[in-house]
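Chemist: Position 96, counted from 1, in the sequence shown is what my numbering calls 350; the numbers after and before it change by one each time, with no gaps.
We put the beta carbon where it would ideally sit given N, CA and C, even for glycine.
In this text the structure is predicted, and so the values were computed from the model without any measurement.
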Amino acid sequence: MIELLLVRHADAGDPLAWSGLDADRPLSRKGRKQVERLAAILGALRAAPDVLVSSPKARAAQTAEVLGAVLGLEVRLHDGLGGPLDLDVLAAILVDNGLPHRPILVGHDPDFSDLASELVGSAVTLRKGALARIDLELPPTAGEGVLRWLVPPDLFAR
Numbered sequence: 255m256i257e258l259l260l261v262r263h264a265d266a267g268d269p270l271a272w273s274g275l276d277a278d279r280p281l282s283r284k285g286r287k288q289v290e291r292l293a294a295i296l297g298a299l300r301a302a303p304d305v306l307v308s309s310p311k312a313r314a315a316q317t318a319e320v321l322g323a324v325l326g327l328e329v330r331l332h333d334g335l336g337g338p339l340d341l342d343v344l345a346a347i348l349v350d351n352g353l354p355h356r357p358i359l360v361g362h363d364p365d366f367s368d369l370a371s372e373l374v375g376s377a378v379t380l381r382k383g384a385l386a387r388i389d390l391e392l393p394p395t396a397g398e399g400v401l402r403w404l405v406p407p408d409l410f411a412r
């Protein structure tokens, strides 16, 4: 069984206010605070992730870098997490990273909410900075995953 952890990148401000390429849009100050709080929570878990894989887009990679520093994990970039993301791409990401028991993936919406919804067979919404755990078997199959928990970013607010 795989204990899949999905983290939607933290807040990156208003995309309409960003004049550069979307892939280069960085985390906002609010986003940095969100991910720092999330990293502290993840660091306190007794069941730490064994691999950290991120979309190469700046806001996701920056989210992953903060998580990796706290968790002591190297950030691996995978283009498949930049979208579009489906069950076949998820399977490829897991295989490419040695079929980890507890991977943490950092990516974007609508892909992450759509993927989580497909895995568990009901609507799941991951807000910016949210964390979800879905237990699944390989190959990932629609409706066969079990949503163990979904933690909204507000829970980390101080």
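Just checking my contact of Arg-356 with Leu-259 at CB under 8 Å: how many whole Å lie between their CB atoms?
Modeler: Taking the sequence shown and counting its residues from 1, one reaches residue 356 at position 102. Taking the sequence shown and counting its residues from 1, one reaches residue 259 at position 5. Arg-356 to Leu-259, Cβ: 7 Å. Contact.
Chemist: Can you give me the start and stop residues for the beta strand (DSSP E) that Val-305 sits inside?
Modeler: Locating residue 305 in the sequence shown gives position 51, counting from the first residue. Taken as a continuous stretch (DSSP letters only), the beta strand (DSSP E) holding Val-305 covers 305–308.
Chemist: Please classify Val-378 as buried or exposed, where buried requires at least 16 neighbouring CB atoms within 10 angstroms.
Modeler: Taking the first residue of the sequence shown as position 1, residue 378 is located at position 124. When all chains shown are included, Val-378 counts as buried.
Chemist: Report the rounded CA-to-CA distance for Arg-402 versus Lys-382, giving the unit in angstroms.
Modeler: As a position in the sequence shown, residue 402 is number 148, starting the count at 1. As a position in the sequence shown, residue 382 is number 128, starting the count at 1. Taking the straight line from one Cα to the other gives about 19 Å.
Chemist: Is the Cβ-Cβ distance between Leu-341 and Pro-394 less than 8 Å?
Modeler: In the sequence shown, counting from the first residue as 1, residue 341 sits at position 87. In the sequence shown, counting from the first residue as 1, residue 394 sits at position 140. Going by C-beta atoms, Leu-341 is nearer than 8 Å to Pro-394.
Chemist: Just list the residues that DSSP pairs Arg-262 with in beta bridges.
Modeler: The residue labelled residue 262 in the question sits at position 8 within the sequence shown. Answer is Gly-361, bridged to Arg-262.
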